[in-house]
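**Student:**
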Amino acid sequence: MFGFISYSSAEMGAWIHSPGKINLGHEKLACNACHEKAEGSYRQQIQANLQYLIGKRKLPTDIGHKKVRSSMCLNCHKNPKDKHPIYRFLEPRFTEARKKIAPQHCQSCHFEHQNIRIPVKVNFCKHCHQKLRIKKDPIDVPHHYLVKLKQWKTCLGCHDFHGNHIMKTNKEIDNRYKNEEIRQYFKGERQIYSDKKQYKAKDNVI
Amino acid sequence: MSFSNLLNSKFTLFVLTIIAIYLFIDAPPPLGTELKTGKLIPIESALRILNKENEIIRHLYTKEIVGHGKKQGLKFDENWEREEIHAGLLPAQFLRMTANYLQRSELPLGLFLGSNEAINKSNLFEGAQLRQYKEMLTDQKPKFSYIEDISRYSFMFPDVASVKPCISCHNKHKESPKTDWKIGDIMGATTWIYPDKTVTYDELITMISLLHKGAEYAYSQALLELGYFEGDFSIAHKWPREGKFIPSAEEFAKELRLRTAPITFSSIEQLNVPQNSSPTLVPTIELALEIK
Numbered sequence: 421m422f423g424f425i426s427y428s429s430a431e432m433g434a435w436i437h438s439p440g441k442i443n444l445g446h447e448k449l450a451c452n453a454c455h456e457k458a459e460g461s462y463r464q465q466i467q468a469n470l471q472y473l474i475g476k477r478k479l480p481t482d483i484g485h486k487k488v489r490s491s492m493c494l495n496c497h498k499n500p501k502d503k504h505p506i507y508r509f510l511e512p513r514f515t516e517a518r519k520k521i522a523p524q525h526c527q528s529c530h531f532e533h534q535n536i537r538i539p540v541k542v543n544f545c546k547h548c549h550q551k552l553r554i555k556k557d558p559i560d561v562p563h564h565y566l567v568k569l570k571q572w573k574t575c576l577g578c579h580d581f582h583g584n585h586i587m588k589t590n591k592e593i594d595n596r597y598k599n600e601e602i603r604q605y606f607k608g609e610r611q612i613y614s615d616k617k618q619y620k621a622k623d624n625v626i
Numbered sequence: 003m004s005f006s007n008l009l010n011s012k013f014t015l016f017v018l019t020i021i022a023i024y025l026f027i028d029a030p031p032p033l034g035t036e037l038k039t040g041k042l043i044p045i046e047s048a049l050r051i052l053n054k055e056n057e058i059i060r061h062l063y064t065k066e067i068v069g070h071g072k073k074q075g076l077k078f079d080e081n082w083e084r085e086e087i088h089a090g091l092l093p094a095q096f097l098r099m100t101a102n103y104l105q106r107s108e109l110p111l112g113l114f115l116g117s118n119e120a121i122n123k124s125n126l127f128e129g130a131q132l133r134q135y136k137e138m139l140t141d142q143k144p145k146f147s148y149i150e151d152i153s154r155y156s157f158m159f160p161d162v163a164s165v166k167p168c169i170s171c172h173n174k175h176k177e178s179p180k181t182d183w184k185i186g187d188i189m190g191a192t193t194w195i196y197p198d199k200t201v202t203y204d205e206l207i208t209m210i211s212l213l214h215k216g217a218e219y220a221y222s223q224a225l226l227e228l229g230y231f232e233g234d235f236s237i238a239h240k241w242p243r244e245g246k247f248i249p250s251a252e253e254f255a256k257e258l259r260l261r262t263a264p265i266t267f268s269s270i271e272q273l274n275v276p277q278n279s280s281p282t283l284v285p286t287i288e289l290a291l292e293i294k
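What follows is the structure, given as structure tokens:
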């Protein structure tokens with residue numbers, strides 16, 4: 421009985437605090453899996469931030485709970501074969517892309533508690549792949565032609581951004597996943613690529 | 003109530019006094035000191051050491067594993083990550099895998115590889131990085147700069163073709179925009195980034211140790227794929243240049259330290275920093291002394 425009440429109250433607490441639905445796959449996570457307590461007491465945290473405001477400290481500090489950072493996501497989502505690992509976008513040449521879509525952070529594309537898994541536009545590939553040209557292009561409508569026509573919404577119709585789904589890449593443009601299907605996938609309503617994944621979250625701790 | 007009245011109020015003064023005591027006077031220990039103690043090493047010097055280490059590691063993988071391995075019948079493929087392909091990583095992918103490992107650590111150290119003649123057009127340099135690269139092609143010197151938007155120092159080093167497998171593969175690749183590479187050419191650039199202008203001795207040692215672990219991790223991934231050749235090859239303490247052998251993860255790690263230790267040890271000595279005999283460096287120092 422006591423256990424049931426504790427469980428119910430913890431559930432209730434999470435429900436009260438949570439500003440929105442938990443993402444697909446994260447349903448079993450406890451709040452503190454992402455929301456870790458910040459270092460020190462409130463008093464130390466306030467003092468550290470005051471020191472920062474008067475220039476006696478280089479960086480501010482989190483108050484209460486730590487800000488959810490990409491490193492927390494990567495603790496569980498390790499993918500050594502990631503086609504677009506976030507660290508690569510820290511390279512100097514991605515300055516413009518960083519200004520527009522901040523791809524160096526997981527949270528720029530993957531929101532939590534927003535009732536939508538990936539709340540970004542389907543055409544984000546345009547920020548980096550404008551010069552795409554493949555000499556021996558394997559698809560029926562060459563990539564450079566799609567780029568020229570600004571068909572950026574077609575990219576995810578064949579390519580899985582992180583390359584974690586085990587699947588054969590489609591070579592016929594008409595057989596691609598359509599925008600509506602991609603949007604549904606972004607919302608977490610359906611799976612479009614494949615259920616088989618190379619790396620499952622938390623399965624691959626180094 | 004006016005502001006002066008508010009200040010005159012005894013109650014307000016009492017509250018302000020309590021807040022001041024809470025915040026300043028009876029202060030608890032400050033939160034996590036950020037001050038670096040001891041002699042500090044400029045980040046340029048630290049990254050020069052790391053880059054030299056990385057060059058040696060890349061040379062080891064490219065020449066000893068890919069170069070000699072191919073002659074013995076091992077396969078290496080840019081699509082190595084596909085389930086149906088059993089082949090080792092290409093040298094550029096080996097670097098990426100190492101960089102991926104660095105990124106997952108707590109240390110904000112970044113490592114990248116790019117070119118102006120990249121096989122994959124997505125890897126072409128742009129903006130300030132392209133300008134620096136063009137300068138580098140002329141004067142052959144590394145380029146140090148600061149990236150404002152992410153508050154990181156950046157140090158770009160020329161990536162020189164030092165072994166035959168680099169040029170033969172790039173010259174033969176169907177998507178290669180340049181097919182007349184030769185030994186000694188600058189084929190691209192390796193860029194390192196770090197947020198601080200200086201590092202402590204311990205931070206430098208952590209960086210070196212992390213790079214070693216990253217390379218060992220990348221090799222372990224290559225080994226998972228090369229393991230498919232185990233019927234014809236033995237995974238042992240021998241190398242492809244000696245026959246049908248693939249070095250074990252331990253053997254690769256040992257050789258990596260043997261090759262990097264002398265130059266790294268001598269570079270650290272030149273920095274003239276008091277060393278605390280950090281446990282992470284002990285194997286490196288021992289190996290260096292052994293070689294000396």
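Top to bottom, those sequences are chains B and R. Going by the numbering used here, the first residue of the first sequence is number 421, and it counts up by one from there. Going by the numbering used here, the first residue of the second sequence is number 3, and it counts up by one from there. Using N, Cα and C, we set each Cβ at its ideal position, and we do this for glycine too. Computed from a predicted structure; not experimentally measured.
1. Just to confirm before moving on: does the CB-CB distance between Q105 of chain R and Y619 of chain B stay below 8 Å?
2. When the distance is taken between beta carbons, is L49 of chain R closer than 8 Å to Y196 of chain R?
3. In this structure, does DSSP put P144 of chain R in helix, strand or coil?
4. If you follow the beta strand (DSSP E) that Y155 of chain R is part of, which residue opens it and which one closes it?
5. Give me the Cβ distance between L494 of chain B and R154 of chain R, rounded to the nearest whole Å; I'm assuming they're in contact under 8 Å.
6. Inspect the beta-carbon positions of A238 of chain R and F231 of chain R and report whether they are closer than 8 Å.
7. Going by the beta-carbon positions, is the gap between Q465 of chain B and I442 of chain B smaller than 8 Å?
8. As a quick exercise: from R:L25, R:Y219, R:S47 and R:D151, pick the residue whose alpha carbon is nearest that of E516 of chain B.
9. Mind pulling the chain R residues with CB within less than 9 Å of T515 of chain B?
10. For the region 248-262 of chain R, which residues have a CB atom closer than 9 Å to at least one CB atom of chain B, in sequence order?
11. Apply the 10 Å Cβ neighbour rule to K615 of chain B and answer buried if 16 or more other Cβ atoms are within range, or exposed otherwise.
12. Where does L576 of chain B sit, in a helix, a strand or coil, going by DSSP?
13. Between D234 of chain R and the rest of its own chain, which residues show a CB-CB distance below 7 Å, the 5 nearest in sequence each way excluded?
14. Buried or exposed for I474 of chain B, please, with buried defined as at least 16 other CB atoms from any protein chain shown within 10 angstroms of its CB.
15. In this structure, how does DSSP classify G90 of chain R when only helix, strand and coil are distinguished?
16. In whole angstroms, give me the CA-to-CA distance for L470 of chain B and T193 of chain R.
17. Measure from the alpha carbon of G583 of chain B to the alpha carbon of each residue in B:D557, B:D502, B:R610 and B:C545, then state which is nearest.
18. Are the C-beta atoms of R60 of chain R and some chain B residue less than 8 Å apart?
19. Closer than 8 Å is the cut-off here; do at least three beta carbon pairs connect the region 105-122 of chain R with the region 517-535 of chain B?
20. Look up P249 of chain R in the DSSP assignment and say whether it is helix, strand or coil.
21. With 8 Å as the threshold, decide whether the Cβ of R518 of chain B is near any Cβ in chain R.
22. For my contact list, G445 of chain B and H533 of chain B are in at a C-beta cut-off of 8 Å; report their separation, rounded to the angstrom.
23. Measure the alpha-carbon distance for S528 of chain B versus W572 of chain B and round it to whole angstroms.
24. Helix, strand or coil for F581 of chain B, going by three-state DSSP, please let me know.
25. Mapping the DSSP letters down to three states, classify I293 of chain R as helix, strand or coil.
26. Rounded to the nearest angstrom, what separates K123 of chain R and F114 of chain R at their Cα positions?
27. Identify whether F509 of chain B lies in helix, strand or coil by the three-state DSSP scheme.
28. For G608 of chain B, name the three-state secondary structure that DSSP assigns.
29. Keeping to the same chain, check which residues put their C-beta closer than 6 Å to that of T282 of chain R; ignore five residues upstream and five downstream.
30. With a threshold of 8 Å, are at least 3 pairs of Cβ atoms found where one atom belongs to the region 257-270 of chain R and the other to the region 85-98 of chain R?
31. Taking the C-alpha atoms as reference points, what is the distance between G577 of chain B and K478 of chain B?
32. Do the region 176-186 of chain R and the region 128-142 of chain R meet, that is, are 3 or more Cβ pairs less than 8 Å apart?
33. Taking its Cβ as the centre, do 16 or more other Cβ atoms sit within 10 Å of P589 of chain B, making it buried, or is it exposed?
34. Just to check my reading of the structure: P44 of chain R and T200 of chain R have Cβ atoms closer than 8 Å, yes? What is that Cβ distance to the nearest angstrom?
35. Are the beta-carbon atoms belonging to T64 of chain R and P144 of chain R less than 8 Å from one another?
36. Report, in whole angstroms, the separation of the C-beta atoms of V540 of chain B and R603 of chain B, which I expect to be a contact under 8 Å.
**Tutor:** Working from what's here:
1. Going by beta carbons, Q105 of chain R and Y619 of chain B fall outside the 8 Å limit.
2. Yes, the Cβ-Cβ distance between Y196 of chain R and L49 of chain R is below 8 Å.
3. When secondary structure is reduced to three states using DSSP, P144 of chain R falls in the coil class, being assigned neither helix nor strand.
4. Segment R154 to V162, the beta strand (DSSP E) holding Y155 of chain R.
5. Between L494 of chain B and R154 of chain R, the beta carbon gap of about 19 Å keeps them out of contact (Cβ cut-off 8 Å).
6. Result no, Cβ atoms of A238 of chain R and F231 of chain R do not sit closer than 8 Å.
7. No, Cβ-Cβ distance for Q465 of chain B and I442 of chain B is not below 8 Å.
8. When each option's Cα is compared against that of E516 of chain B, the closest is R:D151.
9. Under the 9 Å cutoff, chain R gives E128, G129, A130, Q131, I149, E150, D151 and I152.
10. Result list empty, no residue passes.
11. Strictly speaking, residue 615 of chain B in this sequence is Asp, with Lys absent from that position. D615 of chain B should be labelled exposed.
12. Here DSSP, grouped into helix, strand and coil, assigns L576 of chain B to helix.
13. So the qualifying residues of the chain are G75 and K246.
14. Only exposed fits I474 of chain B, as fewer than 16 other CB atoms lie within 10 angstroms of its CB.
15. G90 of chain R falls in the strand class under three-state DSSP.
16. If you take the alpha carbons of L470 of chain B and T193 of chain R, they lie about 36 Å apart.
17. Ranking the options by Cα distance to G583 of chain B, first place goes to B:D502.
18. So, not an interface residue.
19. No: fewer than three Cβ pairs fall under 8 Å.
20. Taken through DSSP and simplified to helix, strand or coil, P249 of chain R comes out as strand.
21. Closer than 8 Å to some Cβ of chain R, the Cβ of R518 of chain B qualifies, so yes.
22. The Cβ separation is near 14 Å, so there is no contact.
23. Near 19 Å, if we compare the C-alpha coordinates of W572 of chain B and S528 of chain B.
24. Under the three-state reduction of DSSP, F581 of chain B is assigned to coil, being neither helix nor strand.
25. In this prediction, I293 of chain R scores a pLDDT of 44, lower than 50, which makes its location untrustworthy; no coordinate-derived value is stated.
26. A direct Cα-to-Cα measurement between K123 of chain R and F114 of chain R gives close to 15 Å.
27. Of the three classes helix, strand and coil, the one that applies to F509 of chain B here is helix, per DSSP.
28. Correct three-state label for G608 of chain B: coil.
29. Residue confidence is low: T282 of chain R scores 49 on pLDDT, short of 50, so the model does not pin down where it sits. Its coordinate-derived value is still stated next. Once the five neighbours on either side are set aside, the close Cβ partners of T282 of chain R are I207 and S211.
30. These segments do not touch.
31. Inter-residue distance for G577 of chain B and K478 of chain B is about 45 Å (C-alpha atoms, whole angstroms).
32. Contact between the region 176-186 of chain R and the region 128-142 of chain R is not established, with fewer than three Cβ pairs separated by less than 8 Å.
33. In the sequence on display, residue 589 of chain B carries Thr and not Pro. Counting Cβ neighbours within 10 Å, T589 of chain B comes out exposed, since fewer than 16 surround it.
34. Contact flag correct, Cβ pair sits at about 6 Å.
35. No, the Cβ-Cβ distance between T64 of chain R and P144 of chain R is not below 8 Å.
36. Their Cβ separation, rounded to whole angstroms, is 11 Å, which puts V540 of chain B and R603 of chain B out of contact at 8 Å.
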